[in-house]
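**Q**
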Amino acid sequence: MLSDLEKIDLIRSRIGVTYREAKKALDEAGGDVVEALIKLEELDQSSAGAVDQDEFTEKVQGRAQDIMEHVKGMLQRGQDTRIKVKQGDRTVFEMPATMGAVGVLAALASSELAILGALGTATAMAKKYTLEIEHRPKKEAVQPEKPASDDTFTFNNPQV
Numbered sequence: 001m002l003s004d005l006e007k008i009d010l011i012r013s014r015i016g017v018t019y020r021e022a023k024k025a026l027d028e029a030g031g032d033v034v035e036a037l038i039k040l041e042e043l044d045q046s047s048a049g050a051v052d053q054d055e056f057t058e059k060v061q062g063r064a065q066d067i068m069e070h071v072k073g074m075l076q077r078g079q080d081t082r083i084k085v086k087q088g089d090r091t092v093f094e095m096p097a098t099m100g101a102v103g104v105l106a107a108l109a110s111s112e113l114a115i116l117g118a119l120g121t122a123t124a125m126a127k128k129y130t131l132e133i134e135h136r137p138k139k140e141a142v143q144p145e146k147p148a149s150d151d152t153f154t155f156n157n158p159q160v
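For the sequence shown, the UniProt record's numbering gives the first residue as 1, with consecutive numbering after it.
Written out as structure tokens, the structure is:
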């Protein structure tokens with residue numbers, strides 16, 4: 001028969017816990033070494049699961065922060081880009097590109113808005129409106145009269 005000290009040494013060598021933890025587990029198991037080993041393994045696995053959960057939470061939070069920074073950058077670029085509807089040299093309508101993107105998403109979500117958008121597009125084509133997309137970085141203090149040609153995209157309606 002093994003003494004308590006021998007049982008504690010056996011538990012420590014198998015699991016790698018302190019004398020205090022091994023004695024406490026042995027006492028709670030009523031002197032049964034196998035029961036104490038099982039209890040300590042379960043305790044070790046549950047604490048390892050908590051560590052894994054913490055690591056997972058940190059990774060998710062870090063990834064969420066990266067995504068938010070990316071979205072903020074996209075929104076800023078959208079604010080720097082303008083969509084203009086023109087008739088000849090006259091600007092009829094101008095808005096940030098982010099608002100245009102929201103409008104497209106709304107049209108995709110609602111059939112009524114999609115029909116309204118299609119009717120507006122057909123009307124604009126009939127009246128020979130042009131669509132101009134202009135990128136204006138924030139660093140410019142004074143907006144130029146005519147943007148550089150490489151920063152502007154213009155869509156002209158084909159002659160019907």
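Even glycine gets a Cβ: it sits at the ideal position worked out from N, Cα and C.
#1: Opposite residue 82 in the DSSP bridges: which residues?
#2: Report yes if the C-beta distance between residue 85 and residue 124 is below 8 Å; otherwise report no.
#3: Determine the extent of the alpha helix (DSSP H) in which residue 124 is found, giving its start and end residues.
#4: What does the alpha-carbon distance come out to for the pair residue 127 and residue 116?
#5: Looking only at its own chain, which residues have a Cβ that is under 8 Å from the Cβ of residue 28, when we skip the five neighbours before and after it?
#6: Since residue 20 sits in a beta bridge, which residues does DSSP pair it with?
**A** Let me spell this out:
#1: Sequence index remark: in the sequence shown, residue 82 carries index 82 (1-based). For residue 82, the pairing in a beta bridge is given by DSSP as 96, 134.
#2: The sequence position of residue 85 within the sequence shown is 85, counting from 1. The sequence position of residue 124 within the sequence shown is 124, counting from 1. Cβ atoms of residue 85 and residue 124: closer than 8 Å.
#3: As a first step, residue 124 must be located in the sequence shown, where it is residue number 124. Residues 111 to 126.
#4: Walking along the sequence shown from the start, residue 127 turns up at place 127. Walking along the sequence shown from the start, residue 116 turns up at place 116. Spanning the alpha carbons of residue 127 and residue 116 requires a straight line of approximately 17 Å.
#5: The count along the sequence shown starts at 1 and reaches residue 28 at position 28. The answer, listed in chain order, is 36, 39.
#6: In the sequence shown, counting from the first residue as 1, residue 20 sits at position 20. Residue 20 pairs with nothing; no bridge assigned.
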